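The numbering of the sequence shown is our numbering, which starts it at 403 and goes up by one.
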Amino acid sequence: MKHLQSHERVLGDPDTTEAYGFQLGSGCEGGERIALIGELGAGKTTLMRGFARGMGVDSSEVTSPTFTLLAVHEPTNSGLQLVHGDAYRLGSREELDAVGWEEYMADPHSVVVLEWPQRVEGALGSDPITIEIMHDAPDSTGTIGRLVRCTVPESVAARSTRSCPTCSQAVPAGGEFFPFCCSRCRLADLGSWFSGAYTLSREIEEDDLYDPDLR
């Protein structure tokens, strides 16, 4: 997810909750594994409608998959696949595997969100992003409301950064000059030699050294 860091936020109403979900969904790049935690009626489905819309899915198709266990949505334009699961009624991990869970988890183009993940421990791997919604809970400033707490493991946050090929400084994914840290480093790339985007159609020959068009 682009630029996602651990945070907490108060969501005042359903519209705010859906807008927050939209922000999360629009930042997905594929491969995200998300644990969505909250009691019944906390607003998980509302958040998921916004999340799906952010990915390009028709939000009217999003409902709680409590009885279907798994809903797979094909976005209209992102090329990613939203897999929305609900483990509330499950008694074991095997029941989840029976609906093709492992196949979706192995797909780098899928974004997997699982509600009630605590009932099937380990189903999201070792380092999922955790989004927890709590009723009438205070945030760090003492404000009361529907509190959402997003926890991003360090291993996941590190995947959204790369080193600038010119100066080796860390560069967040999706930055203006990515994979470079700034315009100066991008200009210093000498025709894409550092980034590897430049290729030769043939090997350089000795006569090329005297060709005025190549000087």
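Every residue, glycine too, gets a C-beta built ideally from N, C-alpha and C. Computed from a predicted model, the values in this text were never measured in an experiment.
Problem - Own chain partners of V474 with C-beta closer than 6 Å, once the 5 adjacent residues on each side are dropped - result: Here residue 474 is taken as the residue at index 72 of the sequence shown, counted from 1. Only V485 meet the Cβ criterion.
Handout entry: Contact under 7 Å by Cβ, G429 with M450
Key = In the sequence shown, residue 429 corresponds to position 27, counting from 1. In the sequence shown, residue 450 corresponds to position 48, counting from 1. No; because the gap between Cβ atoms is not below 7 Å, this pair is not in contact.
Problem - Buried or exposed (CB count within 10 angstroms, at least 16 for buried), C569 - result: Here residue 569 corresponds to residue number 167 of the sequence shown, with the count starting at 1. Exposed.
Exercise for the section: Report the three-state DSSP secondary structure of S565 (helix, strand or coil). Expected result: Locating residue 565 in the sequence shown gives position 163, where the first residue counts as 1. In the structure shown, S565 sits in a strand (DSSP, three-state: E or B).
Problem - Limits of the beta strand (DSSP E) - the one that A473 falls within - result: Looking up residue 473 in the sequence shown gives position 71. Taken as a continuous stretch (DSSP letters only), the beta strand (DSSP E) holding A473 covers L472 to H475.
Practice task
On the DSSP bridge assignment, give the partners of Q483 in chain order.
Solution key: Counting from one through the sequence shown, the residue named residue 483 turns up at place 81. Paired residue(s): S512.
Practice task
Would you kindly work out how many angstroms separate the C-alpha atoms of D529 and G433, rounded to a whole number?
Solution key: Working through the sequence shown from its first residue, we reach residue 529 at position 127. Working through the sequence shown from its first residue, we reach residue 433 at position 31. Looking at the two C-alpha atoms, the distance is approximately 12 Å.
Handout entry: Beta-carbon proximity of G456 to P477, cut-off 7 Å
Key = On the sequence shown, position 54 is the one that residue 456 refers to. On the sequence shown, position 75 is the one that residue 477 refers to. No. Outside cutoff.
Problem - Supposed contact pair V501 and L471 - C-beta distance, whole angstroms, cut 8 Å - result: By one-based count along the sequence shown, residue 471 stands at place 69. By one-based count along the sequence shown, residue 501 stands at place 99. Sure, about 5 Å apart at Cβ, within 8 Å.
Practice task
Could you confirm whether any beta carbon from chain C is found closer than 7 Å to the beta carbon of G427?
Solution key: No chain C is part of this structure, which consists of one protein chain only.
Handout entry: Neighbour-count burial assignment, D488, 16 or more Cβ in a 10 Å radius
Key = Position 86 of the sequence shown, counted from the start, is the residue given in the question as residue 488. Buried, since its Cβ has 16 or more Cβ neighbours within 10 Å.
Exercise for the section: Output the distance between the C-alpha atoms of E496 and F469, rounded to the nearest integer angstrom. Expected result: Mapped onto the sequence shown, residue 496 falls at position 94. Mapped onto the sequence shown, residue 469 falls at position 67. Distance between the alpha carbons of E496 and F469 is about 16 Å.
Exercise for the section: Ignore the nearest five residues each way along the sequence and tell me which others in A444's own chain have a CB closer than 8 Å to its CB. Expected result: Against the sequence shown, residue 444 aligns to sequence position 42. Once the five neighbours on either side are set aside, the close Cβ partners of A444 are I535, M536, H537 and R548.
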